[in-house]
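Number of protein chains: 2
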Amino acid sequence: MKCISNKSSEERIKEAARKVFLKKGFDGTTSRDIAEEADMNIALTNYYFRSKEKLFLEIFKDLLTLYFQNTLDIFNKDIDFKSKIFEAIDHTYAMVSEEPDLCNFIMNEVHRAPERLIPDLNFLRQVKHTQLGQQLEEEIKKGNIRPIGIENVIPMLCGYIQFIFMGKNMHMKIFEVDEEQFKQYALDHKERIKEMILCYLYI
Amino acid sequence: MKCISNKSSEERIKEAARKVFLKKGFDGTTSRDIAEEADMNIALTNYYFRSKEKLFLEIFKDLLTLYFQNTLDIFNKDIDFKSKIFEAIDHTYAMVSEEPDLCNFIMNEVHRAPERLIPDLNFLRQVKHTQLGQQLEEEIKKGNIRPIGIENVIPMLCGYIQFIFMGKNMHMKIFEVDEEQFKQYALDHKERIKEMILCYLYI
DNA sequence: GCTATTTTTAAATGTTTGTTTAAATTATCT
DNA sequence: AGATAATTTAAACAAACATTTAAAAATAGC
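These protein sequences, in sequence, are chains A and B. Just remember that my numbering sits 6 ahead of the position in the first sequence, which is counted from 1. Just remember that my numbering sits 6 ahead of the position in the second sequence, which is counted from 1.
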């Protein structure tokens, strides 16, 4: 009946695993990678989490939440449509700046083996029905915005800037720029996305 | 001094490897996966290609060419700017429709281990200097198009629609649609991207 | 048709993989 | 302080891994 004790060990493993999984993906990560990153015995991974798979699923859930929850909250905020668009884009940009492997990780894991992630992915269905969607419909009704479905708007707010970051290495190779120059480029492109969306939506 | 002979075996392995690598990525693919897909002995992979890594690099090069070459050719075609934009977008759409794993594969492999791919990636530098870039500059000089760098235009033509396909599984989960409905959605979104780009570029 | 070369095979190589074991250590509670 | 439970450890596990070997089979040239 010991349960309080070492929160630290379990947490250290989880943090290490998160770091390694984010960088190398599930297939590219070994139990020893995680143990080494956490500076702990290999057996502890299976002591605290029953398997590499279970540990991964826990971490994936956290990272999927990180990937979506804040955006979802913004979609449901009580602010006007245009401000919401700006805020969603700015937040997406901030998120991928802070966690540069997150998009590639989520995209790749979902693409490679969606089945095992289905329980977690169900959480995403909230995205379909948000206040942003209602506001969009209203604006369309008012004639301010051209007819368009929310499923077309969301990738504009989140996906376009994500793509820029996902292709970071390729961009740096193609245009022969360094990290700092890329950062400035991404920032500039983000503002262009904003203007482009407004330009397209408002007739 | 036999060299003519069995082109078929080497080719069969390469095709099998291409298929498996595309689906599972380098880390997720085993030599046995490839041998099984090709229905050949495991040793043949190392007989024809010296290692899994070397086989992968050969295939990666092919797939990177598939990913970029046609787009590059379009960029250098002798047609007007606006037609070129349409054609580039339509081609990107056709490419990812035909090879649905290609974007995820390229993005992920480049992201995960760019160093080993550098020799191949150098080929990408052609993208920086194309006739499309010159045409863009001219249009800007003429005052038809707002000031913008080619590095901002290319993702609009290629990346945005790619992102839609890369997130296919997630989209289907979020909006609870099937393959056919997704296809229609992607087609619609592609046309919106075209209009959005024109709407943004031409002042 | 025989020899030399290339291709294919089954088997084995030594590592690395995820996971387990059982003993040692540490912490907890009375 | 001593008994009990939780944690950590080193070692081992079998399975899967990429790769190699050496012999068998197929093919080539003379």
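Positions of the beta carbon are idealized from the N, C-alpha and C atoms, including for glycine.
Looking at the backbone, the Cα of P161(A) and that of A49(A) are separated by about 42 Å. Collapsing the DSSP output to three states places I151(B) in a strand. For a Cβ distance threshold of 7 Å, nothing in chain A lies close to D68(B): the least Cβ distance comes to about 17 Å. Unbroken alpha helix (DSSP H) runs of no fewer than 4 residues, entirely contained in the region 50-106 of chain B, are found at 58-81 and 87-104, following chain order.
K179(A) has a beta carbon lying within less than 8 Å of a beta carbon in chain B. Closer than 8 Å to the CB of Y206(A) there is at least one CB belonging to chain B.
About 35 Å separates the beta carbon of I85(A) from that of K20(A), a gap too long to meet the 8 Å contact definition. Burial state of T36(B) is exposed, judged by a 10 Å Cβ sphere holding fewer than 16 other Cβ atoms. For D96(A), the closest alpha carbon among the candidates C164(A), V116(A) and D68(A) is that of C164(A). Neighbours of V116(A) in chain B, taken as residues whose beta carbon is under 7 Å from its own, are N175 and M176 in chain order. Taking all protein chains in view, the Cβ of G173(A) is crowded by 16 or more other Cβ atoms within 10 Å, so the residue is classified as buried. Inclusion of F188(A) and M178(A) in the CB contact set at 8 Å is warranted, their separation being smaller than that value. Distance check between F87(B) and each of L142(B), I156(B) and A22(B) places L142(B) closest, using alpha-carbon atoms only.
Nearest CB-CB separation between L50(B) and chain A: not below the 8 Å threshold.
Counting only residues of its own chain and dropping the five nearest sequence neighbours on each side, F111(B) has a CB closer than 6 Å to the CB of L28. In this structure, Y206(B) sits away from Y99(A), with a CB-CB distance that is not shorter than 8 Å. A residue is called buried once 16 or more other Cβ atoms fall within 10 Å of its Cβ, and R198(A) is buried on that count.
In this structure D107(A) is buried. Its beta-carbon is surrounded by 16 or more other beta-carbon atoms within 10 angstroms. Listed by position along chain B, the residues whose Cβ is nearer than 8 Å to that of G34(A) are D33 and R118. For E157(A), the C-beta contacts it makes with chain B under 9 Å involve H177, I180, F181, V183, Y191 and H195, in order along the chain.
Shown in chain order are the members of the region 128-148 of chain A whose Cβ falls below 9 Å from a Cβ of chain B: N128, L130, R131, Q132, V133 and K134.
Per the coordinates, the alpha-carbon of K200(A) lies some 8 Å from the alpha-carbon of I91(A). Counted as a single uninterrupted DSSP element, the stretch harbouring A119(B) is not any alpha helix (DSSP H), since DSSP gives it neither H nor E. Membership of H177(B) in the alpha helix (DSSP H) is indicated by the continuous run K174 to I180. Following the DSSP letters along the chain, one finds C205(A) inside the alpha helix (DSSP H) bounded by residues E185 to L207.
For the pair M46(A) and S15(A), the CB atoms are nearer than the 8 Å cut-off. Contact annotation for Y166(B) against chain A: P161, M162, G165, Y166 and F169 [CB-CB distance below 9 Å, chain order]. Within its own chain, the residues whose Cβ lies closer than 6 Å to the Cβ of Q137(B), once the five positions on either side in sequence are excluded, are N82, listed in chain order. For E201(A), the nearest beta carbon of chain B is closer than 8 Å to its own beta carbon.
Contact with chain B is found for R198(A), since one of that chain's Cβ atoms lies less than 8 Å from the residue's Cβ.
Assigned with DSSP and collapsed to three states, N110(B) falls in helix. Each of M113(A), I40(A) and E182(A) was checked against the Cα of L61(A), and the nearest Cα belongs to I40(A).
If you compare the alpha carbons of I167(A), F181(A) and A44(A) with that of G155(B), the shortest gap goes to F181(A). C-alpha of R152(A) to C-alpha of G139(A): approximately 14 Å in a straight line.
In this structure, DSSP gives D45(A) a state outside helix and strand, which the three-state scheme calls coil. When 8 Å is used as the limit between beta carbons, N82(A) is near no residue of chain B, the shortest such separation being about 15 Å.
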